[in-house]
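Contents: one structure, followed by commentary.
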Amino acid sequence: MSTTPQAALTQRLRAALAACGLPPERGDVVAAADTRFGDYQANAAMVLAKEAKRNPRELAAQIAEQFDGGDLCAKPEIAGPGFLNFRLEPGWVSRRVGILSADARCGVPEAEERLKIIVDFSSPNIAKPMHVGHIRSTILGDALSRIARFLGHEVVTDNHLGDWGTQFGKVLYGWKHLLDRAALERDPVAEMTRLYREVNAIEQTDPAVHKAAREELVKLQQGDPENRAIWQQLVDLSWAEFEEIYGQLGIRFDERLGESFYDPALAALVEKLLADGVAEISEGAVCVFFRDVPALADKPCLVRKSDGGFLYATTDLATIEYREERWEPDAIWYVTGAPQQLHFQQVFSAARRMGYGTKLEHIAFGSILGEDHKLMKTRSGDNVPLRALLDEAVTRARAMIEEKNPEMPEEEKKHIARVVGLGAVKYAELSQHRMTDYVFSWSKMLSLQGNTAPYLQNAYVRVRSIFRKLGTELGAAENISLTEPAELALAKKLLQFGEVVPTVLHEFRPNLLANYLFETANAFHAFYEACPVLKAEGPARHSRLVLCDTTARVLRQGLELLGVEVPERM
RNA sequence: GCUCCCGUAGCUCAGGGGAUAGAGCAGCGGAUUUCUAAUCCGUUGGUCGGAAGUUCGAAUCUUCCCGGGAGCGCCA
Numbered sequence: 145m146s147t148t149p150q151a152a153l154t155q156r157l158r159a160a161l162a163a164c165g166l167p168p169e170r171g172d173v174v175a176a177a178d179t180r181f182g183d184y185q186a187n188a189a190m191v192l193a194k195e196a197k198r199n200p201r202e203l204a205a206q207i208a209e210q211f212d213g214g215d216l217c218a219k220p221e222i223a224g225p226g227f228l229n230f231r232l233e234p235g236w237v238s239r240r241v242g243i244l245s246a247d248a249r250c251g252v253p254e255a256e257e258r259l260k261i262i263v264d265f266s267s268p269n270i271a272k273p274m275h276v277g278h279i280r281s282t283i284l285g286d287a288l289s290r291i292a293r294f295l296g297h298e299v300v301t302d303n304h305l306g307d308w309g310t311q312f313g314k315v316l317y318g319w320k321h322l323l324d325r326a327a328l329e330r331d332p333v334a335e336m337t338r339l340y341r342e343v344n345a346i347e348q349t350d351p352a353v354h355k356a357a358r359e360e361l362v363k364l365q366q367g368d369p370e371n372r373a374i375w376q377q378l379v380d381l382s383w384a385e386f387e388e389i390y391g392q393l394g395i396r397f398d399e400r401l402g403e404s405f406y407d408p409a410l411a412a413l414v415e416k417l418l419a420d421g422v423a424e425i426s427e428g429a430v431c432v433f434f435r436d437v438p439a440l441a442d443k444p445c446l447v448r449k450s451d452g453g454f455l456y457a458t459t460d461l462a463t464i465e466y467r468e469e470r471w472e473p474d475a476i477w478y479v480t481g482a483p484q485q486l487h488f489q490q491v492f493s494a495a496r497r498m499g500y501g502t503k504l505e506h507i508a509f510g511s512i513l514g515e516d517h518k519l520m521k522t523r524s525g526d527n528v529p530l531r532a533l534l535d536e537a538v539t540r541a542r543a544m545i546e547e548k549n550p551e552m553p554e555e556e557k558k559h560i561a562r563v564v565g566l567g568a569v570k571y572a573e574l575s576q577h578r579m580t581d582y583v584f585s586w587s588k589m590l591s592l593q594g595n596t597a598p599y600l601q602n603a604y605v606r607v608r609s610i611f612r613k614l615g616t617e618l619g620a621a622e623n624i625s626l627t628e629p630a631e632l633a634l635a636k637k638l639l640q641f642g643e644v645v646p647t648v649l650h651e652f653r654p655n656l657l658a659n660y661l662f663e664t665a666n667a668f669h670a671f672y673e674a675c676p677v678l679k680a681e682g683p684a685r686h687s688r689l690v691l692c693d694t695t696a697r698v699l700r701q702g703l704e705l706l707g708v709e710v711p712e713r714m
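If you want our numbering, it's the position in the first sequence, counting the first as 1, plus 144.
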């Protein structure tokens, strides 16, 4: 089971084109823009007619004449300037739903070429709380990784922690002079943040402290055992908190090679860049110039400061070097915000200059805005801590359940609140085009109406409710017969799952999958209103049960690819 | 100054060469002895920021302009 309607139609259209003496590879078929015209459409006649200087409608007629739809569809209709419109046969759709219902992959074909992909995402900073700024990277990166894996690619997820850098001088100084042990035990990351801020404030007025903090940093970098041990504690305590959040979100990483991991390689890397003529010394710093790239002509990439220190770009290049040696990947995906576009342009250009041909992708995304349309912040102007945000999501979902189903057992309420609340936050991210700055709204993401996680989860729950009432699970899915418009509309949607999932990776767009799932849930709800299932009899009842079960499986699989769980009841 | 991203219904957003531009919310009008109405059906609402261009065809591609956001050698 890997043939989608689109693939089947494309194959047949190509045969028709070949029979007309036209280039078969031009026979692309796409889902119809408007279902009034049919289920699928081909624009090939218009394109080819222009090239051949022929009348498009005549050419369309000729193609239609040669088109053999078999039991898949009848002769295509010709409309407008030369559209070919295809309508799937209900019998064929019914049979395909039967096959789909037994397919573990829900009709999603595996990628033709199995790629090795490293996905670099989340990357929070040690000694600082994770905040909303990390949420998009984390959720997007996880969803893209899941989808790539499902399509058969070999994926390595790597959390490139911010565990090295100038901030540690301040934290180390604070740790030694201002540490509140009790506070550290209560909330380690909060205490680290306090230390950083406090030292940062004192530094402004006390040059001696500024100097001392710098010295702590230098000692750390030189491998001083005491500072190294404190640093390790900072990392461990921070990671423990991050892991709690990742656990809650159901996200795991194959690797967590932070910036510190690459530090030992930086000096040699810069020397190599100089020796190879990739970089040059300018104003005391080591830079890579891109004089041949107009957009970067006046924007060199610094890899070593005039004081000998290394930079963000240096670490990123060392990271590429390491990943190349260890994994020889086909692609590396960086899921980080749009403001870093210039940085990645530079790093990618430098990597090519170093001779690496790996496909490097910066998967950029926009910002999250508050209700005031400005960058989302707390009232005091700080970043919103991620943990508090996730807790609130669960609390709000809990309140909804409490209102709707107060009699539900405590254990189940808790579970559902988590699944619905966290699902809502994730889905709100993923249903949005990644480049848009979007406005964070609790009421919208938790609404049962519209393109939201609860709406989709509810569709799943409705199906499960039917099977609970039925008392048994489904037997063999044979002799499916779908005739009602609402049945067929839903069935055709389900068959498109295998068409949609692969497109997500073309431009890294999980929102395409989200849109599809929303349309599917919508089609299901409409079917649910129009077609009784348990009250139906004979073949209709059986067919509808299969349709329901397949809907549930597609919704569950689709949401799982987005990292969203489904409850059995809500 | 240079570069990148965004501008679509009152609001939040889809659609990124194809037909009469869609959805949710809000508004208006309906459907409930329920397989969970936590839903569904109907309806009002748009010079797709503006102007040129490419094309049989442009919200979509190109250029310029306007408006908003961001980034641009020694932070990450």
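Using N, Cα and C, we set each Cβ at its ideal position, and we do this for glycine too.
Worksheet item: In terms of alpha-carbon separation, which member of G510, S625, F405 lies closest to T580?
Response: G510
Worksheet entry | Exposed unless 16 or more other CB atoms sit within 10 angstroms - verdict on A620 | A620 counts as exposed, since fewer than 16 other C-beta atoms from the protein chains shown sit within 10 angstroms of its C-beta.
Worksheet item: What first and last residue would you give for the beta strand (DSSP E) that runs through A308?
Response: A small fix is needed here, since residue 308 is Trp in this sequence, not Ala. Counting along the chain, W308 falls outside any beta strand (DSSP E), and DSSP gives it neither H nor E.
Worksheet item: So which of A603, L706, S493, A543 has the shortest CA-CA distance to T282?
Response: L706
Discussion item. So, with DSSP's three-state summary, where would you put Y604?
Written reply: helix
Fill in: Inter-residue spacing [alpha-carbon to alpha-carbon] between L574 and E360
42 Å
Worksheet entry | Top-ranked residue by Cα proximity to E256, from F227, G277, F294, I279 | When each option's Cα is compared against that of E256, the closest is F294.
Worksheet item: Hey, T502 and E468 are a contact pair by Cβ (cut 8 Å); roughly how many whole angstroms apart?
Response: 7 Å
Practice prompt. Assuming G252 contacts V299 (C-beta within less than 8 Å), just tell me the rounded distance between them.
Written response: The residue you asked about is not Gly; residue 252 is Val in the sequence shown. Actually they are not in contact, since the Cβ atoms of V252 and V299 sit about 16 Å apart, beyond 8 Å.
Worksheet entry | Which of helix, strand or coil DSSP assigns to T301 | Taken through DSSP and simplified to helix, strand or coil, T301 comes out as strand.
Discussion item. Quick test of the definition: if touching needs 3 or more C-beta pairs under 8 Å, does the region 676-693 touch the region 622-629?
Written reply: yes
Fill in: Buried/exposed call for K636, threshold 16 Cβ in 10 Å
buried
Discussion item. At the level of alpha carbons, what is the spacing between L305 and L401?
Written reply: 7 Å
Worksheet item: Exposed or buried, what is L381 when buried is set at 16 or more other beta-carbons lying within 10 Å of its beta-carbon?
Response: Classification for L381: buried.
Item to complete: Locate the alpha helix (DSSP H) running through Y406, then write down its first and last residues.
Response: 403-419
Worksheet item: According to DSSP, is K503 helix, strand or coil?
Response: Three-state result, K503: strand.
Worksheet item: Hey, is the region 671-678 in contact with the region 625-634, meaning 3+ C-beta pairs nearer than 8 Å?
Response: yes
Worksheet item: Count the other CB atoms within 10 Å of the CB of R496; is the residue buried (16 or more) or exposed (fewer)?
Response: exposed
Discussion item. Is it the case that the region 459-475 contacts the region 265-284, given that we only count it when at least three CB pairs across the two stretches are under 8 Å?
Written reply: Taking 8 Å as the limit for Cβ pairs, the verdict is that the region 459-475 does not touch the region 265-284.
Fill in: Beta carbon of H559 nearer than 8 Å to that of P711
yes
Worksheet item: In this structure, does DSSP put I270 in helix, strand or coil?
Response: Three-state DSSP puts I270 in coil, outside helix and strand.
Discussion item. On the criterion of 16 or more Cβ atoms from any shown chain inside 10 Å, does I425 qualify as buried, or is it exposed?
Written reply: exposed
Worksheet item: Rounded C-beta distance between Y478 and E505? I'm assuming under 8 Å.
Response: 7 Å
Worksheet entry | Bridge-paired residues (DSSP) for Y478 | D264, H506
Worksheet item: Where does E387 fall in DSSP's three states?
Response: The three-state reading of DSSP puts E387 in helix, counting H, G and I together.
Practice prompt. Pick helix, strand or coil for S587, following the three-state DSSP scheme.
Written response: helix
Practice prompt. Answer with buried or exposed for L486, where buried requires no fewer than 16 other C-beta atoms within 10 angstroms of its C-beta.
Written response: exposed
Fill in: L215 and E233 closer than 8 Å at C-beta
Just to set this straight, residue 215 is Asp in the shown sequence, not Leu. Yes, the pair counts as a contact, with Cβ atoms nearer than the cut-off.
Item to complete: Tell me where the beta strand (DSSP E) around Q576 begins and ends.
Response: Here Q576 belongs to no beta strand (DSSP E), and DSSP marks it neither H nor E.
Worksheet item: Using 8 Å as the Cβ pair cut-off and three pairs as the minimum, do the region 388-401 and the region 329-339 touch?
Response: The region 388-401 is not in contact with the region 329-339.
Worksheet item: For E202, does the three-state DSSP call read helix, strand or coil?
Response: When DSSP states are grouped into helix, strand and coil, E202 belongs to the helix group.
Worksheet entry | Reference A568, options L618, E546, L703, T695, closest by Cα | Closest option to A568, Cα to Cα, is L703.
Practice prompt. Measure the alpha-carbon distance for E663 versus A205 and round it to whole angstroms.
Written response: 33 Å
Item to complete: Quick one: using the 10 Å Cβ neighbour count with 16 as the cut-off for buried, is K613 buried or exposed?
Response: exposed
Discussion item. Let me confirm a value: T539 is counted as buried when at least 16 other C-beta atoms fall within 10 Å, else exposed. Which label applies?
Written reply: Exposed, by the Cβ-count rule.
Worksheet item: Does DSSP put I222 in a helix, a strand or coil?
Response: strand
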